[in-house]
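Residue numbers (this note's numbering): 4 to 322. All residues carry an ideal CB built from backbone N, CA and C; glycine is no exception. Model, not experiment: these values are computed from the prediction. To start, the structure under review is shown below, and the notes come after it.
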Amino acid sequence: MLEKMGAMRTAYGEALVELGANNQRIVVVGADTTDSLKSGMFGAKYPERFFNLGIAEQNLIGVAAGLAFGGKVAYAGTYAIFVPGKCVDQIRNMLCYADLDVKIVCSHAGITVGPDGGSHEQVEDIALMRCVPHMRVVVPADAVAVKSIVKAIADIPGPFYVRLTRGVIKGSNTPIVYENGFEYKLGKANLIREGSDVAIFGCGIMLPEALRAAESLATKGVSASVIDIHTVKPIDEEMILKYARKCGAAVSAEEHNIMGGMGSAVSEVLTDQYPIPLKRVGVNDTFGESGEAQELLNKYGLTAAHIEDAARQAIAMKR
């Protein structure tokens with residue numbers, strides 16, 4: 004399991020090309036990272052609908068907003084440290100306040116940016132985006148999910164923030180979870196593994212780690228459910244509550260600050276409706292540093308072993 008690999012950015016580029024062939028309203032806007040994000044694949048095919056604005060991220064959001072206001076479905080993207088990092092005001096007031104049809108798809112999120120260092124390791128973006136009204140926040144687990152999500156949101160009006168990872172394996176690859184395909188449904192989490200002792204809620208590249216943790220726990224007599232919370236907002240309250248009631252203990256796992264991220268969103272649901280022990284695995288309110296991706300994941304506690312340990316702690320806290 005999890006032997007196949009794929010690049011999220013390549014999947015994004017391929018999805019844009021497929022969208023462009025079927026929908027003349029699709030336009031793509033970039034900020035000097037179109038080669039890295041592979042959105043240049045769309046530009047090569049449909050140059051009249053492709054706009055590379057250079058290193059001007061706030062302008063990127065303004066132009067995308069204008070295109071959407073004119074009736075286009077605008078895909079805008081660069082690295083996550085720049086958008087939303089530099090553009091919260093523009094995203095809030097130009098896109099979300101007007102509820103415009105702009106799909107922000109950003110790569111290089113989290114600490115797996117690695118050698119670029121803490122200044123480029125975005126671990127606050129989920130928190131920033133999920134607190135803005137009208138914005139939907141999606142964190143795909145693999146390249147298969149990326150392609151499905153990018154294509155599906157073209158038909159869902161309004162703004163989206165889709166968070167991609169550069170990759171943790173040589174060649175910018177991440178493990179493939181959805182070998183048999185993935186059908187995106189807004190706000191509907193996916194059950195990946197059934198269990199009864201603890202529910203592990205994962206998103207992004209931490210979903211494969213959650214599955215590895217569940218497999219290890221099973222060898223020790225612990226049955227773990229694994230749920231892909233690919234849509235952090237609107238979050239699937241029904242799925243969270245179902246497995247909270249079934250398991251009685253939970254873990255969240257994300258490549259993001261534990262403050263304000265997916266784990267916080269899960270804890271809000273549980274606190275409001277069905278309180279159970281929850282342990283959050285993520286970056287513990289700190290900046291990253293320069294290093295190789297796997298070295299950083301190990302140092303900052305974002306591995307299957309850390310999830311397994313958190314699961315045992317959550318189970319021990321059951322009443």
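Name the DSSP beta bridge partners of residue 178, please? The count along the sequence shown starts at 1 and reaches residue 178 at position 175. Partner(s): 8.
Where residue 37 sits in the DSSP three-state scheme: Your numbering for residue 37 matches position 34 in the sequence shown. Secondary structure of residue 37 (DSSP, three-state): helix.
Looking at C-alpha atoms only, which residue of 251, 28, 288, 301 is the closest neighbour of residue 209? Stepping through the sequence shown from its first residue, residue 209 is reached at position 206. Checked all of 251, 28, 288, 301; the closest Cα to residue 209 is 301.
Selection from 313, 189, 294 that minimises the alpha carbon distance to residue 225: Numbered from 1 along the sequence shown, position 222 holds the residue referred to as residue 225. Put simply, of 313, 189, 294 the residue whose alpha carbon is nearest the alpha carbon of residue 225 is 313.
Cβ-Cβ distance between residue 108 and residue 167 below 8 Å: Residue 108 sits at position 105 when you count from the first residue of the sequence shown. Residue 167 sits at position 164 when you count from the first residue of the sequence shown. Taking 8 Å as the Cβ cut-off, residue 108 and residue 167 qualify as a contacting pair.
Residue 219 beta carbon less than 8 Å from that of residue 198: What you label residue 198 is simply residue 195 of the sequence shown in a count that begins at 1. What you label residue 219 is simply residue 216 of the sequence shown in a count that begins at 1. Against a cut-off of 8 Å, the Cβ pair of residue 219 and residue 198 comes out as no contact.
Distance, Cα to Cα, residue 76 vs residue 31? Locating residue 76 in the sequence shown gives position 73, counting from the first residue. Locating residue 31 in the sequence shown gives position 28, counting from the first residue. One C-alpha to the other measures close to 9 Å.
Between the Cα of residue 295 and the Cα atoms of 118, 101, 123, which residue gives the shortest distance? For the purposes of this step, residue 295 is identified with residue 292 of the sequence shown, where counting begins at 1. It is 118.
In the DSSP assignment, the beta strand (DSSP E) including residue 259 goes from what residue to what residue? For the purposes of this step, residue 259 is identified with residue 256 of the sequence shown, where counting begins at 1. Element bounds for residue 259: 253 to 260.
According to DSSP, residues forming a beta bridge with residue 29: Here the question's residue 29 lines up with position 26 in the sequence shown. DSSP, once it has assigned bridges, lists 76 as partnering residue 29.
Taking C-alpha atoms, which residue in 79, 74, 52 lies nearest to residue 65? In the sequence shown, the residue the question calls residue 65 occupies position 62. Of the candidates 79, 74, 52, the one whose C-alpha sits nearest the C-alpha of residue 65 is 79.
Would you list the residues sitting across from residue 125 in a DSSP beta bridge? Counting from 1 along the sequence shown, the entry for residue 125 is found at position 122. Partner(s): 112.
Taking Cβ positions, are residue 310 and residue 265 nearer each other than 8 Å? Position 307 of the sequence shown, counted from the first residue, corresponds to residue 310. Position 262 of the sequence shown, counted from the first residue, corresponds to residue 265. Their beta carbons are not under 8 Å apart, which means residue 310 does not touch residue 265 by this criterion.
Nearest to residue 113 (by Cα), restricted to the options 196, 207, 56, 59: The residue labelled residue 113 in the question sits at position 110 within the sequence shown. Among 196, 207, 56, 59, the Cα nearest to that of residue 113 belongs to 207.
The alpha helix (DSSP H) with residue 243 in it runs from where to where? Against the sequence shown, residue 243 aligns to sequence position 240. 240 to 250 is the span of the alpha helix (DSSP H), which, as asked, contains residue 243.
Residue 205 bridges to which residues according to DSSP? What you label residue 205 is simply residue 202 of the sequence shown in a count that begins at 1. In the DSSP output, where bridge partners are listed per residue, residue 205 has 231, 256.
Taking 8 Å as the cut-off, does the region 173 to 189 touch the region 79 to 90 (at least 3 CB pairs, one atom from each stretch)? no
Once the 5 residues before and after residue 151 are set aside, which same chain residues still bring their CB inside 7 Å of it? Along the sequence shown, read from residue 1 onward, the residue named residue 151 stands at position 148. Closer than 7 Å at Cβ, skipping near neighbours: 185, 186, 187.
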